[in-house]
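Under this note's numbering, the first residue of the sequence shown is numbered 8, with each subsequent residue one higher. To keep things clear, I will list the structure first and then write my remarks on it.
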Amino acid sequence: MTDLVAHLAVFVGAAVPWFELFAIAPGIGFGLAPVTVGLVAFTANSLVTLATIVGWQRLVSWWQRRRGSIPGAAGTGRARRAFDRYGVPGLALQGPVLSGMYFAAILALSLGAPRRTVVVWSLVSNALWTVALVAATVAGLGVLT
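Okay, here's the thing in structure tokens:
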């Protein structure tokens with residue numbers, strides 16, 4: 008497999024919800040440079056997260072023009088309690104593990120978080136998770152070899 012195809016596979020894997028956590032290790036395991044794998048994975052996940060945020064905002068605007076208010080927009084239950092307790096940083100940092108980054112961004116927006124805050128914390132979370140996963144993969148491969 009050529010490096011370009013392998014990097015493309017990492018890009019696609021990092022763009023798929025819930026699979027985003029598992030895209031980095033195979034790329035590094037197949038011999039790609041950890042830095043480039045991390046950059047490709049971060050770029051893919053960030054682009055799809057930003058597209059999700061913009062798409063959600065457009066969908067909400069369209070819905071409000073057609074129907075008025077959005078049912079259940081105030082949020083109740085566990086999601087609202089978690090949001091009230093941990094805010095956007097908590098949702099963004101847990102996003103890849105518990106709900107997927109894209110769902111966490113949509114949840115934060117639907118619970119009233121400012122778009123700029125959601126974008127910033129989503130990018131911070133993506134960067135932290137990418138660095139942690141690259142480091143863990145390199146360390147794990149170092150132990151195995």
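Ideal Cβ positions, reconstructed from N, Cα and C, are used throughout, including at glycine.
- DSSP on Ala40, reduced to helix/strand/coil? coil
- According to the neighbour-count rule (16 or more other Cβ atoms, all chains shown, within 10 Å of its Cβ), is Pro121 buried or exposed? exposed
- Could you check if Ala40 is buried or exposed, using at least 16 other CB atoms within 10 Å of its CB as the buried criterion? exposed
- Message: I'd like the list of long-range same chain contacts for Pro24, defined as Cβ closer than 8 Å, with 5 residues on each side in sequence excluded.
- Response: Gly107, Met108, Tyr109 and Phe110
- Item | Beta-carbon spacing of Ala99, Ser53 below 7 Å | no
- Task: State the start and end residues of the unbroken alpha helix (DSSP H) segment that holds Val12.
- Result: Asp10 to Ala22
- Does the beta-carbon of Ala30 have 16 or more other beta-carbons within 10 angstroms, so that it is buried, or is it exposed? buried
- Task: Alpha carbon to alpha carbon, how far is Leu118 from Ser68? Give it in angstroms, no decimals.
- Result: 15 Å
- Find out if the Cβ-Cβ distance for the pair Val125, Ala112 is shorter than 7 Å. yes
- Member of Ala51, Ile35, Gly38 and Arg74 whose CA lies at the smallest distance from the CA of Val19: Ala51
- Residue range of the alpha helix (DSSP H) that includes Gly147: Arg122 to Leu151
- Query: Comparing alpha-carbon positions, which option in Asp10, Arg73, Gly45 and Leu11 lies nearest Ala134?
  - Reply: Gly45
- Message: When you compare the CB positions of Val12 and Val47, do they come within less than 7 Å of one another, or not?
- Response: no
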